[in-house]
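Novice:
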Amino acid sequence: MKKHPAILRLIPALAVLLLNSALDVRLTHAEPYTEKVGTNIVMLGTGNPNPDPDRSGPATAIISNGSAYLIDFGPGVVRRAAAAARDKGITALAPANIKVVFSTHLHSDHTAGYPDLILTPWVMGRRWPLEVYGTKGLQAMTDHILAAYQEDIRIRTQGLEHLSPDNVHVNVHEISTPGQVYKDANVTVTSFPTKHGDWDQTYGYRFDTADRSIVITGDTSPTQATVDACHGCDVLIHEALTLKFLNNSRRPNPQGFDLSTYSGKYHTTTTQLAEIANQAKPKLLLLYHNPITLQPTKRPFASTPDDLLQEIQAAGYTGPLSVARDLDVY
Ligand SMILES: [Zn+2]
Ligand SMILES: [Zn+2]
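Quick note on numbering that gives the first Met the number 0: the sequence shown kicks off at 0 and runs consecutively.
(1) Starting from the Cα of Thr216, find the closest Cα among Asp210, His195 and Asp199 and give me that residue.
(2) What does a CB cutoff of less than 8 angstroms around Asn170 pick up in its chain, not counting 5 residues either side in sequence?
(3) Assess, as a yes-or-no matter, whether the segment 265-283 is touched by the segment 73-82 under the definition of 3 or more beta carbon pairs within less than 8 angstroms.
(4) Just tell me which of Asp207, Ser248, Thr241 and Tyr148 has its CA closest to the CA of Cys232.
(5) If you draw a straight line from the C-alpha of Gly56 to the C-alpha of Asp199, how long is it?
(6) Can you give me the C-alpha to C-alpha distance between Val76 and Leu69, rounded to a whole angstrom?
(7) Quick check on Ile154: buried or exposed, where buried means 16 or more other Cβ atoms within 10 Å of its Cβ?
(8) When you compare only the Cα positions, how much space is there between Asn185 and Asn64?
(9) Does DSSP put Asp207 in a helix, a strand or coil?
(10) Can you find a heavy atom of ligand 1 that lies under 8 angstroms from the Cβ of Gly217?
(11) Compare the C-alpha of Pro382 against each of Ala111, Met140 and Gln138 and name the closest.
(12) Please list, in chain order, all residues of the same chain as Ala84 whose beta carbon is under 7 angstroms from its beta carbon, the five residues on each side excluded.
(13) Taking the alpha carbon of Asp183 as the point to measure from, which residue in Ala209, Thr241, Ala60 and Thr303 has its own alpha carbon closest?
(14) Report, in whole angstroms, the separation of the C-beta atoms of Leu235 and Val214, which I expect to be a contact under 8 angstroms.
(15) Which class does Ala93 belong to by DSSP, given the choice of helix, strand or coil?
(16) Does ligand 2 have even one heavy atom less than 8 angstroms from the beta-carbon of His237?
(17) So, at 6 angstroms on beta carbons, what are the nonlocal neighbours of Ala323 in its own chain, with the 5 sequence-adjacent residues on each side left out?
(18) Answer yes if the segment 251-267 comes into contact with the segment 306-314, meaning at least three C-beta pairs across the two stretches below 8 angstroms, and no otherwise.
(19) For Pro120, count neighbouring C-beta atoms within 10 Å of its own C-beta (all shown protein chains included) and say buried if the count is 16 or more, exposed if not.
(20) Please report how far the alpha carbon of Asn96 lies from the alpha carbon of Pro192, in whole angstroms.
(21) How big is the Cα-Cα spacing for Glu173 and Val180?
(22) Can you name, in chain order, every residue of its own chain whose Cβ lies under 6 angstroms from the Cβ of Thr187, other than the five neighbours on each side?
(23) Measuring alpha carbon to alpha carbon, tell me which residue in Pro253, Asp51 and Leu105 is nearest Lys135.
(24) Who are the Cβ neighbours of Lys243 in its own chain at under 8 angstroms, not counting the five residues just before and after it?
(25) Have a look at Thr268 and Pro304 and give me their C-alpha separation to the nearest angstrom.
(26) Grab the span of the beta strand (DSSP E) containing Phe244 for me, first residue to last.
(27) So if DSSP puts Ile152 in a beta bridge, which residue, or which two residues, is it bridged to?
Printed below as a string of C-alpha cells:
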C-alpha cells in the first residue's frame, strides 16, 4: 500500500478535531462527576420501549447534597443505579440508599423496573420503606406487585434471611392535584400536569434546590404547563420524536397503528420541542426517551443523536442542548 506523507495522514485527524470544536459550540456535554456538594442529574435510563441494550428504560436521578431523588423506574433502573454507584462513586445511588421516588405516569416503559426497585434494594439491605409519589393508580399497582411477590417476601422475612417486612413496605403518595408534593432540606418538588393521550393523570416535576432548578416532563405532548414550569429553569429534560422516525416507512410497525395520530396525542416532535424550548428558555435542554440508536451501523434506518440535534436546531432552537446517554451526569 502506498504510504502518504505525514501531513496527508494528519488531515482526517485535523478534520475530526475541527468538527468536534464546531460541535462544542452548540452542544453541552455531560461533565465528569466530581462535585459531591450541590445538585447533579444522573441519567439512569434514556431509552424508550424498544429494549435497546445501550439505553435502559426511562429513569432519572437528581442528587442533591448526597441524597438521591428518582424520577420513573423503567426497566434496568436498579442495575444502572448500581453502575452509577460503582463506576462513578455516586454512593447516593447504591440501590439500598434510594428512598424517595417520583413517577410521571404508569405506562409500562416507565414502571417495568418497579418490582426490581421495591425488592432488590430491600434484599440488599435497604433500612427503610420506599416513599413513592405519583398518579392515581400507583397504590393499586404497588399492591399488585407486593401481592405477586408475597411468597418471596414471606420466605425472606420468615426464613433464614430474617429480612424486615417494614423495609419492603412502600408508602405510596398519590397526587390528586398538581402543586408542591415534596420538600426536605435539599429539595422542593412541584408537580405539574402533562398531556399524554388517554391517560387521565400524568405529571411532570420541577425540582428546586439551593443551586439548581430542574424540570422533567416524562411523556407529554406540547403543553403550556411545561413552559410555565420551566420559565428559564436551569435544565429542562424532555422527550422528542424525530420526524425521521415518524416518516420512516421502513420502521417496523407490526400493529399497523397510525403513528402520526398517536404521536400527536401522546408525544412531542422535535419541531414542537423547539417551540416549547424557545418559550421555556432553559439554560440547558436535555433530550431523553427518544427513538434513536447509538449504533447506526446496526440500525441504519434509525435516527441518530445528530438527527435529533439537527432537527431541533433546524426548527429554530438555538439554545444549549444535549442528547443524554445512560449514566451521563449533568
Ligand atoms: Zn407514556
Ligand atoms: Zn414513555
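In this text, a Cβ means the ideal position worked out from N, Cα and C, and glycines have one as well.
Computed from a predicted structure; not experimentally measured.
Specialist: In brief:
(1) Minimum Cα distance to Thr216 is reached at His195.
(2) By the criterion of a C-beta distance shorter than 8 angstroms, Asn170 is surrounded in its chain by Pro128, Leu129, Glu130 and Val131, once the five residues flanking it on both sides are discounted.
(3) Judged by Cβ distances under 8 angstroms, the segment 73-82 makes no contact with the segment 265-283, as fewer than three pairs qualify.
(4) Taking only the C-alpha atoms, the option nearest Cys232 is Asp207.
(5) Computed Cα separation, rounded: 22 angstroms.
(6) Distance from the CA atom of Val76 to the CA atom of Leu69, rounded to whole angstroms, is 10 angstroms.
(7) Label assigned to Ile154: exposed.
(8) Cα-Cα distance, rounded: 7 angstroms.
(9) Correct three-state label for Asp207: strand.
(10) Yes; taking the cut-off as 8 angstroms, the Cβ of Gly217 has a heavy atom of ligand 1 nearer than that.
(11) Any answer about residue 382 is impossible in this case: the structure gives the chain only from 0 up to 329.
(12) Here the set comprises Thr90, Leu92 and Ala93.
(13) Relative to the Cα of Asp183, the nearest Cα in the group Ala209, Thr241, Ala60 and Thr303 belongs to Ala209.
(14) At roughly 5 angstroms, the Cβ-Cβ gap stays under 8 angstroms, so Leu235 and Val214 are in contact.
(15) Residue state for Ala93 is assigned as coil, using DSSP reduced to three classes.
(16) False, no ligand heavy atom lies under 8 angstroms from that Cβ.
(17) Here the set comprises Met42, Thr45, Leu285 and Tyr287.
(18) Touching, no, given that fewer than three Cβ pairs across the two stretches are closer than 8 angstroms.
(19) Buried, because 16 or more other Cβ atoms sit within 10 Å of the Cβ of Pro120.
(20) Going from the Cα of Asn96 to the Cα of Pro192 covers about 29 angstroms.
(21) Separation of Glu173 and Val180 (C-alpha to C-alpha, rounded to the nearest whole angstrom) is 10 angstroms.
(22) For Thr187, where only same-chain residues beyond five positions count, the Cβ hits under 6 angstroms are Asp207.
(23) Nearest Cα to Lys135 within the set Pro253, Asp51 and Leu105: Leu105.
(24) Cβ within range, chain order: Ser302, Asp306 and Glu310.
(25) Between Thr268 and Pro304, the C-alpha separation is close to 14 angstroms.
(26) No beta strand (DSSP E) holds Phe244; the alpha helix (DSSP H) holding it covers Leu242 to Leu245.
(27) In DSSP, Ile152 forms no bridge with anything.
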